[in-house]
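Right, one structure below, let's go through it.
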Amino acid sequence: MTICRGFRQGANVVALALLVLAIGCFALPAWAEYADVVLNKRAEKEGVRPVVFPHWFHRIRFRCKVCHAELGFKMRVGANDVLMSDIIDGKFCGACHNNEIAWGPERCDLCHTGKPGLPSGIYGGHETGGPGRW
Ligand code: HEC
Ligand code: HEC
Ligand code: HEC
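My numbering puts the sequence shown at residues 630 to 763.
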C-alpha cells in the first residue's frame with residue numbers, strides 16, 4: 630500500500646538523518662580530539678621542521694574552550710596563522726609554553742618535530758603519537 634510504503638520510506642529517512650547526525654556530532658570531533666595535528670603553514674617555508682601538536686595530550690589536561698575560545702585557535706586544521714613572535718609574546722601555544730605553565734618557546738626541538746615535507750593535517754587516531762612519530 631502506498632501509505633505503508635510512504636511511512637517506511639519516512640522511517641528510513643529519519644534513520645539516515647540520525648546516522649548522519651551521529652557521525653557529524655560524535656565521530657569527527659572525537660577523531661580530531663585524539664589525534665595529532667601537524668601545523669605546517671609557515672614552518673618549513675621559513676626553514677624549520679613542521680610542528681606536531683599532540684591534541685589528545687592537551688585535551689585531557691585542558692578544556693576545549695581554553696584554546697578554542699580564550700586563546701583563539703580556530704577548530705580547523707590549517708586555519709590558524711601562528712607566528713613565533715606571537716608565541717614568544719604569550720599568544721597561542723605561548724600562553725602556556727612560557728616556562729611557567731609548561732616549558733618555554735626556546736625549546737624549538739620539542740614542537741618542531743615533524744618530518745620534513747609533512748603537510749598540515751590530522752595524523753593518527755584515538756591515540757597520541759608523541760614526538761618523532763610523524
Ligand atoms: C610551543 C611550541 C613551539 C616552540 C617551542 C617553538 N615553536 Fe616555532 N612554531 C610553532 C607553531 C605552532 C608554529 C606555526 C607553524 C605553522 O603554521 O607552520 C611555529 C612557526 C615557526 C616559524 C614560522 C613562522 C614564523 O614566525 O616565522 C619559525 C621560523 C619557527 N616557528 C621557529 C622556531 C624556533 C627557531 C624556535 C626555538 C627558538 C621555535 N620555533 C620554537 C610552535 C613552536
Ligand atoms: C591546548 C589547546 C587545545 C585544546 C585544549 C583543545 N584543542 Fe582542538 N585544536 C587545537 C589546535 C592547536 C588545533 C589545530 C589548529 C590548526 O591546525 O591550525 C586544534 C584543532 C581542532 C579541531 C580541528 C581538527 C579538524 O578536524 O580539522 C577540532 C575539531 C578541535 N580542535 C576540537 C577540540 C575539542 C572538541 C576540544 C576539547 C575536547 C579541543 N579541541 C581541545 C588546540 C586545542
Ligand atoms: C593551555 C595550555 C597549553 C597550550 C595552549 C599549549 N600547550 Fe603544549 N603543553 C602544555 C602542558 C601543560 C604540557 C606538559 C608540559 C610538561 O610535561 O612539562 C604541554 C606539552 C606539550 C608537548 C609535549 C607532549 C609530550 O608528549 O610530552 C608538546 C609537543 C606541546 N605541548 C606542543 C604544543 C604546541 C605546538 C602548542 C600550540 C599549537 C601547544 N603545545 C599549546 C600546555 C599547553
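All residues carry an ideal CB built from backbone N, CA and C; glycine is no exception.
Please go through the same chain and pick out, in chain order, the residues whose beta-carbon is closer than 8 Å to the beta-carbon of residue i, but skip the five residues on each side of it.
i       : result
Ile-717 : Gly-723, Pro-734
Cys-654 : Because Cys-654 sits at a pLDDT of 42, beneath the cut-off of 50, its placement in the model cannot be relied upon, and the point is left open.
Asn-669 : Pro-679, Val-680, Gly-743, Leu-747, Pro-748, Ser-749
At a cut-off of 7 Å, is residue i close to ligand 3 when judged by its beta-carbon and the heavy atoms of the ligand?
i       : result
His-726 : yes
His-687 : yes
Arg-690 : yes
Ala-698 : no
Pro-734 : no
Leu-668 : yes
Val-680 : yes
Can you name the start and end residues of the beta strand (DSSP E) that residue i belongs to?
i       : result
Asp-665 : 665-668
What does a CB cutoff of less than 7 Å around residue i pick up in its chain, not counting 5 residues either side in sequence?
i       : result
Gly-719 : Asn-727
Gly-753 : Ala-664, Asp-665
Trp-583 : This structure cannot settle anything about residue 583, because the visible part of the chain is limited to 630 through 763.
Gly-707 : Lys-670, Ser-749
Ala-672 : Arg-678, Pro-679, Val-680, His-741
How would you write the range of the alpha helix (DSSP H) that residue i sits in, first residue to last?
i       : result
Ile-716 : 713-717
Phe-686 : 684-688
Cys-737 : 737-740
Ligand 1 and residue i: does any heavy atom of the ligand fall closer than 7 Å to the residue's C-beta?
i       : result
Cys-737 : yes
His-741 : yes
Gly-719 : no
Since residue i sits in a beta bridge, which residues does DSSP pair it with?
i       : result
His-726 : Ala-731
Gly-750 : Val-667
Val-681 : Val-667
Got a sec? Which residues, its chain only, sit under 6 Å from residue i by beta carbon, not counting five neighbours each side?
i       : result
His-772 : As displayed, the chain neither begins before 630 nor continues past 763, which places residue 772 out of reach and without an answer.
Does ligand 2 have a heavy atom nearer than 7 Å to the CB of residue i?
i       : result
Met-713 : no
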